[in-house]
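Shown next, in structure tokens, is the structure this report addresses.
In my numbering, the protein residues as written are 94 to 315.
Here it is as structure tokens:
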């Protein structure tokens, strides 16, 4: 199982949504090969509660994480334990933002940014996730790759590909020069993130598991 989670991606961007301005060829290709869930909802539109809900399978009032930067009840069982009992190696690369560690004892996979303060000059390292995917023997894996994009600050990608005066803003956003500048950077970072998704899927092929892996893509809370 490969689960790609991205941070603060609105549901209406890209060709799958109602605002096709964002160029997301890799996500679009993945969607065309499978199913899209158009009525999938979260109980809370905040970072940590939604991750806790995904990784525990429990509503916030059940797992105890009902607000941001909080934590789950120490006695619940998370994804690593549940899949571990079935023989899976369970790892997480990128942003964690979940606690306590005893509830979510993911194997920590390096190579991806774990914070939202990014350096445009640095690139991610696909080697660690490739090694985790290959593993040893026939033991199955579940890997979560949690990307920090397109969470602020919007510093990744090429905003010149989204000229501010040509943008069509969503109807609920005020049309100001600053809004257009920010929206251009946001769309550029979405396209950058889409490139990462393509690289992750290519890495899955290189590891020899493209044909026997269930791939999920989801916004963290969009």
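Glycine residues also receive a C-beta, built at the ideal position from the N, C-alpha and C atoms.
Can the beta-carbon of residue i be found less than 8 Å from the beta-carbon of residue j?
i           : j           : result
residue 204 : residue 220 : yes
residue 185 : residue 195 : no
residue 102 : residue 222 : no
residue 303 : residue 98  : no
residue 235 : residue 183 : yes
residue 176 : residue 310 : no
residue 211 : residue 249 : yes
residue 306 : residue 94  : yes
Excluding sequence positions up to five away, which residues of its chain have a Cβ less than 6 Å from the Cβ of residue i?
i           : result
residue 278 : 247 and 252
residue 233 : 181
Give the single residue among the options whose Cα lies nearest to the Cα of residue i.
i           : options               : result
residue 169 : 189, 188, 148 and 187 : 148
residue 145 : 192, 116, 177 and 134 : 192
residue 301 : 225, 164 and 128      : 225
residue 274 : 265, 260, 285 and 290 : 260
residue 136 : 155, 124, 162 and 167 : 155
residue 244 : 257, 276, 96 and 174  : 276
residue 255 : 190, 249, 280 and 242 : 280
residue 242 : 167, 179, 199 and 216 : 216
residue 312 : 267, 287 and 162      : 287
residue 198 : 174, 272, 143 and 269 : 174
Just checking residue i against the ligand GTP - is the residue's beta carbon closer than 7 Å to any of the ligand's heavy atoms?
i           : result
residue 305 : Summarising the ligand content, the structure contains no ligands, and the ligand GTP is consequently not present.
Near residue i, what residues of its chain come up, given a Cβ to Cβ distance below 7 Å and the 5 sequence neighbours on each side ignored?
i           : result
residue 292 : 219
residue 151 : 169
Once DSSP output is grouped into helix, strand and coil, what is the label at residue i?
i           : result
residue 236 : strand
residue 276 : helix
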